[in-house]
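Student:
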Amino acid sequence: MMRKFIGVDSPTTEVIDSPAVVKLKIPCDELTERSVVEYRGVVGDIVNRKDDRLLVVVAMQAVRDVEAVAVLSQALHTFQREASNLYVVLQAFCSVCDMYLSRELLREGNAFHVPMGMNIRSPYILTYTEDMLSWALADGEMLLEDEDGDSVYEGFASGLVMPFALEVKPWNLDVVVRGVQEARSPGWFIGSDQTGHIARHETRGNAYGHVMVPATTEMVTQLATADIPHLVRMDMQLSPGYAYLEMRKTFASIRSWRRESKRLVGTYLYSASPVVPIGTLGYLLRHLNEEMGK
Numbered sequence: 093m094m095r096k097f098i099g100v101d102s103p104t105t106e107v108i109d110s111p112a113v114v115k116l117k118i119p120c121d122e123l124t125e126r127s128v129v130e131y132r133g134v135v136g137d138i139v140n141r142k143d144d145r146l147l148v149v150v151a152m153q154a155v156r157d158v159e160a161v162a163v164l165s166q167a168l169h170t171f172q173r174e175a176s177n178l179y180v181v182l183q184a185f186c187s188v189c190d191m192y193l194s195r196e197l198l199r200e201g202n203a204f205h206v207p208m209g210m211n212i213r214s215p216y217i218l219t220y221t222e223d224m225l226s227w228a229l230a231d232g233e234m235l236l237e238d239e240d241g242d243s244v245y246e247g248f249a250s251g252l253v254m255p256f257a258l259e260v261k262p263w264n265l266d267v268v269v270r271g272v273q274e275a276r277s278p279g280w281f282i283g284s285d286q287t288g289h290i291a292r293h294e295t296r297g298n299a300y301g302h303v304m305v306p307a308t309t310e311m312v313t314q315l316a317t318a319d320i321p322h323l324v325r326m327d328m329q330l331s332p333g334y335a336y337l338e339m340r341k342t343f344a345s346i347r348s349w350r351r352e353s354k355r356l357v358g359t360y361l362y363s364a365s366p367v368v369p370i371g372t373l374g375y376l377l378r379h380l381n382e383e384m385g386k
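Going by the numbering used here, the first residue of the sequence shown is number 93, and it counts up by one from there.
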C-alpha cells in the first residue's frame, strides 16, 4: 500500500511499505527457509570447490512474471534431477521498486524447489528479498570510489547473507577483485532495517563472493592468477546452427579451463529474448552436463 504526499515545491512522493509489512503479506514459509539455507550451502561449497559440480545461473529477461517463473522452474527442477555435473540457479528479473512482485517471483521459484537469485542494486531493496535468495548478482559499479576514495556502498558485499557474484566491466576488474577480497572481512554498511528505517549494519564477512566475467581465456587466466572464484558469462542464442556450435565450443573451453584452474566455478547463461526458450535451454544444459562429465 502506498500513500501519496504532495509537497509545495516537490514532485509526488510515494511512501513504500516497510520490509516487515511486505514480508507479512508475502511470507517465506518454513520449508522455503530450510531449503534456502540448504541451497546457499551448496552454492557456497561450489564456490570454494568443496563440491565439484558446475554452478549454472540461468538468467532470462523473460522471467518477469509469476507464470514465466513457474514454467521455467518446473522445467529446471526436472532437469536438475538428471544432471549430476551441474547445479542450477534461476535468476528472476524485476523492477527495483516492485518489492511485492519480487517476493512473488522468488516464492514461486522456491515452491518448485529451484534455488533463486536476483540482481541486487541497493542495500535498501535487499532487505525485502534476502530471506528467499540463494544467490545474488551485484553490479561492480556499486563499489567504484569517488575522487575522495569513498564508495557509497562500501562494506555492502560483506553483509550479504547468500553467495554473491560481482559483475565485471572492462574498466573495473581491479575494483571488483578487491571488492570480493574485502567482503571476506567484517565491516559495516548503511541500509534499512525491517521497519524501513535507515540503519547501520555490522557485518560478519562473506567468504562466498565470486566475480562474473566474459568467457575469454584472458579473463579466466587473470582471475586464476589472482586466486578469485569466478563464473563466465555466455549469451544464449535462440537461432540454431552456427550459434549452437559456438556455444558448444565454449562449453568445451569451460571444461578445459576448469582442468587448469580450480577457481572457475560456474557459468552465467543469459538470454534477452522476450520469451522463455525452454527447448533451447534444455538442449544447452544437457550438452553442458555431458561436457562437464568428460
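Ideal Cβ positions, reconstructed from N, Cα and C, are used throughout, including at glycine.
Just so you know, these numbers come straight off a predicted model, no measurement behind them.
Below 6 Å CB to CB, which residues in the same chain sit around L229 once its five sequence neighbours on both sides are set aside?
Tutor: Only N211 and A257 meet the Cβ criterion.
Student: Could you tell me which residues DSSP puts in a beta bridge with P306?
Tutor: According to DSSP, which records beta bridges pairwise, P306 is partnered with R325.
Student: Got a sec? Which residues, its chain only, sit under 7 Å from V253 by beta carbon, not counting five neighbours each side?
Tutor: Result list for V253: E222, in chain order.
Student: If I measure Cβ to Cβ from T287 and keep anything under 7 Å in the same chain, skipping five residues before and after, which residues do I get?
Tutor: Closer than 7 Å at the Cβ level, and outside the excluded window around T287, lie S110 and A112.
Student: Is it the case that the stretch 142–158 contacts the stretch 359–369, given that we only count it when at least three CB pairs across the two stretches are under 8 Å?
Tutor: Result yes; three or more Cβ-Cβ pairs closer than 8 Å.
Student: E383 lies in the alpha helix (DSSP H); which residues open and close that run?
Tutor: Per DSSP, E383 belongs to the alpha helix (DSSP H) from I370 to M384.
Student: Which value, in whole angstroms, describes the spacing of the CA atoms of G201 and H302?
Tutor: One C-alpha to the other measures close to 23 Å.
Student: Assign D157 to one of three DSSP states: helix, strand, or coil.
Tutor: Coil, per DSSP.
Student: Could you compute how far the alpha carbon of V260 sits from the alpha carbon of V148?
Tutor: Looking at the two C-alpha atoms, the distance is approximately 17 Å.
Student: For L380, which residues from the same chain have a beta carbon less than 6 Å from its beta carbon, with the 5 sequence-adjacent residues on both sides left out?
Tutor: Taken in chain order, the residues that qualify are F343.
Student: Pair every Cβ in the stretch 274–285 with every Cβ in the stretch 313–322, then say whether three or more of these pairs are closer than 8 Å.
Tutor: Touching, no, given that fewer than three Cβ pairs across the two stretches are closer than 8 Å.
Student: Compare the beta carbon distance of L146 and G358 with 7 Å and say whether it is the shorter of the two.
Tutor: Yes, Cβ-Cβ distance for L146 and G358 is below 7 Å.
Student: In the structure shown, what three-state DSSP assignment does T105 receive?
Tutor: Reduced to three states, the DSSP call for T105 is strand.
Student: Between V312 and W349, is the Cβ-Cβ spacing less than 7 Å?
Tutor: Yes, the Cβ-Cβ distance between V312 and W349 is below 7 Å.
Student: Start and end of the beta strand (DSSP E) containing G201?
Tutor: Unbroken run through G201 is the alpha helix (DSSP H), M191 to A203; no beta strand (DSSP E).
Student: Rounded to the nearest angstrom, how far is the Cβ of S250 from that of G297, given a contact under 8 Å?
Tutor: Indeed they touch by this definition, with Cβ atoms about 5 Å apart.
Student: Does the distance from the C-beta atom of Y216 to that of M191 stay below 7 Å?
Tutor: Result no, Cβ atoms of Y216 and M191 do not sit closer than 7 Å.
Student: On the three-state DSSP scale, how would you describe Q286?
Tutor: Reduced to three states, the DSSP call for Q286 is coil.
Student: Specify the secondary structure class of A252 as computed by DSSP and reduced to three states.
Tutor: It should be pointed out that residue 252 corresponds to Leu in this sequence rather than to Ala. Of the three classes helix, strand and coil, the one that applies to L252 here is coil, per DSSP.
Student: In angstroms, rounded to a whole number, what distance separates the CA positions of R292 and P255?
Tutor: Those two C-alpha atoms are separated by around 21 Å.
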